[in-house]
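**Q** I'd like to ask some things about the structure below.
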Amino acid sequence: MNKFKIMLIITIFGMWNCNNVPKIPKIEYSKEIVSSPISFAMGIISTEENSEFELTFSADGLKVYFSRREPGKKQKIYVSDFKDGKWGTPKRADFSNDRDETASITPNGKFLFFGSERPIPNKPNKGNFDMNIWMMEKTDKGWSEPKPLPEPINAVQIENEEWPSSNNNFFFTNDNQTFYFTTMMRGTKSIKLYETKFDGKDFSEPKAINGIFDDEKFWIYSAVISPDGKYLVFNSYGAPGGTGGEDIFISKKTDNGWGKAKPIGPKVNSKDEESSPRFSRDGKYFFFSRAENLGDYEYGEWSIFFVETKYLNLEKIFE
């Protein structure tokens, strides 16, 4: 093959590759600089009468899915559109008809995953509380019908099995191929982080990621990877360096995997409960959920907060 043909193939492949990589949106979700955490879209997405927590953005950043729990009801997934610099009135997502939460959309916008208590067909839950991951694919008419992910990602509880064993409610990727989820596999003693590969059809056997904490008794929950791939961010209960019950921790990517976790810092962690870390598509904004710690494992309503990521000084945490 001559040099001209080789260069032509490389050029065509490069054009194809660029056309299939979604452009990362740069959207200002606030007209003001957000140097300290504030409520996200107060009165629209964050409200005083409900609990709101966790969110995911569409690939173009102009749509947000989040969890809302009205008083005395199970949480559902709601959706709101960003237009003319503000968020519209949220509506319950069409697919959300049970206890549903933790929506996550792949960066290419092709798949939406969420956690649900809805039963998996022909696999009745025999434990005390069971949630599993469901998946939808984008079509010309919207999202396809939800389907549960296969075992061992999903594992329906057997008789006498109790939470958090075999529970899984959040499935995340920042590259459309490598997915992360946290669960307590049946027969183990802590909630760990797992990795699986997805080829668009099948998932590989999950592999546990160890070494983030020195003691495996500290759980890793609701883990995400920053858009630049540098940081793993998650929440954990009572882990070293935390300031409340549930706090947010961060690990930095190294040549050997993920480094030891450290608390994300006082701008986010407080005496109250913090969980569900998330990033905007371009990484400019950092989101998390917070609830007042009332003591004796009682909490107030959850709300979604956000801050510009640069003010967290993530790199300095590891100096």
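Quick note, the sequence shown lines up with residues 2 to 320 if you use our numbering. Even glycine gets a Cβ: it sits at the ideal position worked out from N, Cα and C. Bear in mind the structure is a predicted one, so any value in this text is a computation, not a measurement.
Secondary structure at E275, three-state DSSP: helix, strand or coil?
**A** Strand.
**Q** So, helix, strand or coil for I318, using DSSP?
**A** Helix at I318.
**Q** Using the Cβ count rule (16 or more neighbours within 10 Å means buried), how would you classify Q158?
**A** Its Cβ being crowded by 16 or more others within 10 Å, Q158 is buried.
**Q** Taking the alpha carbon of D200 as the point to measure from, which residue in T179, S36 and D101 has its own alpha carbon closest?
**A** Of the listed residues, the one whose Cα sits closest to D200 is T179.
**Q** Classify W164: buried if its beta carbon has 16 or more other beta carbons within 10 angstroms, exposed otherwise.
**A** W164 should be labelled exposed.
**Q** Expressed to the nearest angstrom, what Euclidean distance is found between the alpha-carbon atoms of G230 and R93?
**A** Cα to Cα, the separation comes out at about 32 Å.
**Q** Could you tell me the alpha carbon to alpha carbon distance between D215 and K261, rounded to whole angstroms?
**A** Taking the straight line joining both Cα atoms gives about 8 Å.
**Q** Taking 9 Å as the cut-off, decide whether the C-beta atoms of S117 and F307 are in contact.
**A** It is not a contact, given that the beta carbons lie outside the stated cut-off.
**Q** Closest to P122 by CA distance: which of F114, G110 and W135 is it?
**A** Comparing Cα positions, the closest option is W135.
**Q** Around the C-beta of R187, are 16 or more other C-beta atoms found within 10 angstroms, so that it is buried, or is it exposed?
**A** So R187 ends up on the exposed side.
**Q** Alpha carbons only, please: which of P38, A209, Y181 and L113 is nearest the one belonging to F235?
**A** Per the Cα distances, Y181.
**Q** Between which two residues does the beta strand (DSSP E) carrying W303 extend?
**A** Element bounds for W303: n/a, residue is neither H nor E.
**Q** Using three-state DSSP, classify T310 as helix, strand or coil.
**A** Three-state result, T310: helix.
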